[in-house]
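Trainee: Structure in structure tokens, see below.
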Amino acid sequence: MARKSAIMLAVACSTLLTTAASIDKRLAGGEAAKISEIPSMVSIQNERGHHECGGTLLDSTTVLTAAHCLGSSHAVRAGTLNAHEGGVIANISSRKPHPNYKKRASVYDTPENDIAIVKLLTPIETSAVIEYATLPEDGSNPVADSAAIAAGW
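Numbering (mature numbering (1 follows the signal peptide of the UniProt record, and there is no 0)) for the sequence shown: -20 to -1, 1 to 133.
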């Protein structure tokens, strides 16, 4: 259960839509990140290189994201805090939404099982600014009221 919770938290944190370059005034306690603070964060981009969604790099060829992000996904950019330049780019080879993913019927609905795995055509290796996410062990139990970091553009 803890592993599932951590994965869902990672998806929720990584699928925030892109906004203005400054911190959103509605975000309580938000601050600009340093490149070393979120080394597994990636930008999922369309075929024109525009940021569509965030994702979490799990290993050299696997990205965790939200299923609703798969529509126009074409490539992944890692190793930069700028979703539009720098870092390393890898094209996407396959997309696999949760088998029970259900799109929202309207903008007021919440999609069900909104989680997906994206596989990359070429690997993204670790570096000084790129790392793979560390997920909790099966059976671990995160402490209630513990702090978490939410990341996104």
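Note that CB positions come from ideal geometry on N, CA and C, so glycine has one too. The model shown is predicted, which means the values in this text are computed figures rather than measured ones.
#1: Report back the beta-carbon spacing between residue 142 and Ile95 to the nearest angstrom; my notes put them in contact at under 8 Å.
#2: What are the start and end residues of the beta strand (DSSP E) that includes Gly59?
#3: When the Cα atoms are used, what is the spatial distance from Cys49 to Glu32?
#4: Counting along the chain, where does the beta strand (DSSP E) carrying Asp39 start and finish?
#5: If you run the structure through DSSP and keep just helix, strand and coil, what is Ala96?
#6: In chain order, what residues of the same chain lie with their CB nearer than 7 Å to the CB of Arg75, ignoring the 5 residues before and after it?
#7: Quickly, what does DSSP pair Asn71 with across the bridge? List them, please.
#8: Using only alpha-carbon positions, find the residue among Val68, Gly119, Val123 and Gly10 that is nearest to Met21.
#9: Whose C-beta lies closer than 7 Å to the C-beta of Leu38 among residues of the same chain, with five residues either side of it excluded?
#10: In whole angstroms, what separates the C-alpha of Lys14 from that of Thr90?
#11: Near Ala55, which residues of its chain fall below 7 Å by C-beta distance, leaving aside the five closest residues on each side in sequence?
#12: Cβ atoms of Gly132 and Gly29: under 8 Å apart, would you say?
Mentor: On the basis of the supplied data:
#1: Residue 142 falls outside the range modelled here, since the chain spans only -20 to 133, and no answer is possible.
#2: Here residue 59 refers to the residue found at position 79 when the sequence shown is read from its first residue. Per DSSP, Gly59 belongs to no beta strand (DSSP E) and is neither H nor E.
#3: Translated into the one-based positions of the sequence shown, residue 49 becomes position 69. Translated into the one-based positions of the sequence shown, residue 32 becomes position 52. Cα to Cα, Cys49 sits roughly 7 Å from Glu32.
#4: Counting from 1 along the sequence shown, the entry for residue 39 is found at position 59. His31 to Asp39 is the span of the beta strand (DSSP E), which, as asked, contains Asp39.
#5: Indexing the sequence shown from 1 puts residue 96 at position 116. In the structure shown, Ala96 sits in a strand (DSSP, three-state: E or B).
#6: The residue you call residue 75 lines up with position 95 of the sequence shown. Answer for Arg75: Leu50, Ser53, Ala96 and Val98, listed in chain order.
#7: Residue numbering aside, residue 71 sits at position 91 when the sequence shown is read from its first letter. For Asn71, which the question treats as bridged, DSSP gives the partners Ala55.
#8: Numbered from its first residue, the sequence shown carries residue 21 at position 41. When only C-alpha atoms are compared, the closest one is Val68.
#9: Position 58 of the sequence shown, counted from the first residue, corresponds to residue 38. Only Leu44, Tyr112 and Ala113 meet the Cβ criterion.
#10: In the sequence shown, residue 14 corresponds to position 34, counting from 1. In the sequence shown, residue 90 corresponds to position 110, counting from 1. Taking the straight line joining both Cα atoms gives about 31 Å.
#11: Position 75 of the sequence shown, counting from 1, holds the residue named residue 55. Listed in chain order, the non-local C-beta contacts of Ala55 below 7 Å within the same chain comprise Gln25, Ile69, Ala70, Asn71 and Ile72, local neighbours out to five positions each way being set aside.
#12: Walking along the sequence shown from the start, residue 29 turns up at place 49. Walking along the sequence shown from the start, residue 132 turns up at place 152. Taking 8 Å as the Cβ cut-off, Gly29 and Gly132 do not qualify as a contacting pair.
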